[in-house]
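Chemist: Below is a structure I'd like to ask you about.
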């Protein structure tokens, strides 16, 4: 059914009851009845009827102008609503494990911003346990976590990278037995540290002779690159230009390389948001190009 604004706009344009009725798919008596109701609501005569047709009164011109403005605003809002489903707007809230945020995510965000310039990004980084907490408390739409994380919602595997023993001098795992160089390790709230300890216990009968513990993986990496000692790092942090020996860790019992997985997690409701859908597409495009950062 035609709205009040639509009726007034068509009457003003046609200035003829018959033609206006045809455009509005109404009978002339029905249109006349609607106009009488509209004029009663406004408490004023809006059109003067004559043999020449309809002529807007001064009050009618005011109401017609208001009706035209309302229809224009309605169309503008409708287009905006349509764009919300076809364009990527709003804020994308990401919580990301620090190691991924430093070494991989920047390339993702660069492509995302270029592809969806109207979207805003909110990013927090931290340990995987902090990422899960941020999702639970509604501070993030999606999280990127490392290792084995107990998550019942949406969970997408992104990539798997190998763990390497890196050092300026050591060239084999066996060299660890005779070196006086310190083992540089970084703190982590995940099971990463436990995995390294378990691997060490499986391969060596005693603890490292000397150890250095730092609070960030980037500091650990830089100390190894500077030749201070050796470290165990995931391949996401390494590249071929580091000028350092890289020895892949292997699990002798199961005969496979020691690896670390990266996951994209979130609640199902968040994955339905357009900006999240778009981000997932960009992330997965980049993840498909990965197998191992050193290959």
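In the UniProt record's numbering, the protein residues as written are 1 to 295.
Note that beta-carbon positions come from the ideal geometry of N, C-alpha and C, so glycine has one too.
#1: Tell me whether residue 279 sits in a helix, a strand or coil according to DSSP, three-state version.
#2: Would you identify the three-state DSSP class for residue 154, choosing helix, strand or coil?
#3: Just checking my contact of residue 171 with residue 263 at CB under 8 Å: how many whole Å lie between their CB atoms?
#4: To which residues of the same chain is residue 1 closer than 6 Å at the C-beta, ignoring the five residues directly before and after it?
#5: Does the stretch 231–249 come into contact with the stretch 109–126, if we say contact requires no fewer than three beta-carbon pairs (one atom in each stretch) closer than 8 Å?
#6: Note down the Cα distance separating residue 255 from residue 199, rounded to an integer number of angstroms.
#7: Should residue 181 be listed as close to the ligand HEM, given that the test is whether its C-beta is under 6 Å from any heavy atom?
#8: Just how far apart, CA to CA, sit residue 54 and residue 15?
#9: Who are residue 212's beta bridge partners in DSSP?
#10: First and last residue of the beta strand (DSSP E) that includes residue 265?
#11: Smallest Cα separation from residue 91: which of 289, 285, 279?
#12: For the candidate residues 213, 9, 183, whose alpha-carbon lies nearest to that of residue 70?
#13: Quick one: grab the DSSP three-state call for residue 296.
#14: Using the beta-carbon count (16 or more within 10 Å), is residue 202 buried or exposed?
#15: Of the residues 229, 225, 226, 178, which one's Cα is nearest the Cα of residue 205?
#16: Taking the alpha-carbon positions, what's the residue 58 to residue 45 distance?
Modeler: Considering the structure as presented:
#1: Note: residue 279 maps to helix in three-state DSSP.
#2: Residue 154 carries a strand assignment under DSSP once its states are collapsed to helix, strand and coil.
#3: Between residue 263 and residue 171 the Cβ distance is about 33 Å, and since that is not below 8 Å, they are no contact.
#4: Annotation for residue 1: no residue places its beta carbon closer than 6 Å to its own, counting only its chain and skipping 5 residues before and after.
#5: No, the stretch 231–249 is not in contact with the stretch 109–126.
#6: With a pLDDT of 47 at residue 255, under the threshold of 50, the modelled position of this residue cannot be trusted; read the value that follows with caution. One C-alpha to the other measures close to 13 Å.
#7: As for the ligand HEM, it is missing from this structure, which has no ligand bound.
#8: Residue 54 and residue 15: Cα-Cα distance of roughly 5 Å.
#9: Beta bridge pairing from DSSP links residue 212 with 184.
#10: Residue 265 -> beta strand (DSSP E) spans 259–266.
#11: When only C-alpha atoms are compared, the closest one is 279.
#12: Among 213, 9, 183, the Cα nearest to that of residue 70 is on 9.
#13: In this structure the chain extends from 1 to 295, so residue 296 is not present and cannot be described.
#14: With fewer than 16 Cβ atoms within 10 Å of its Cβ, residue 202 is classed as exposed.
#15: Closest option to residue 205, Cα to Cα, is 178.
#16: Rounded to the nearest angstrom, the two C-alpha atoms are 9 Å apart.
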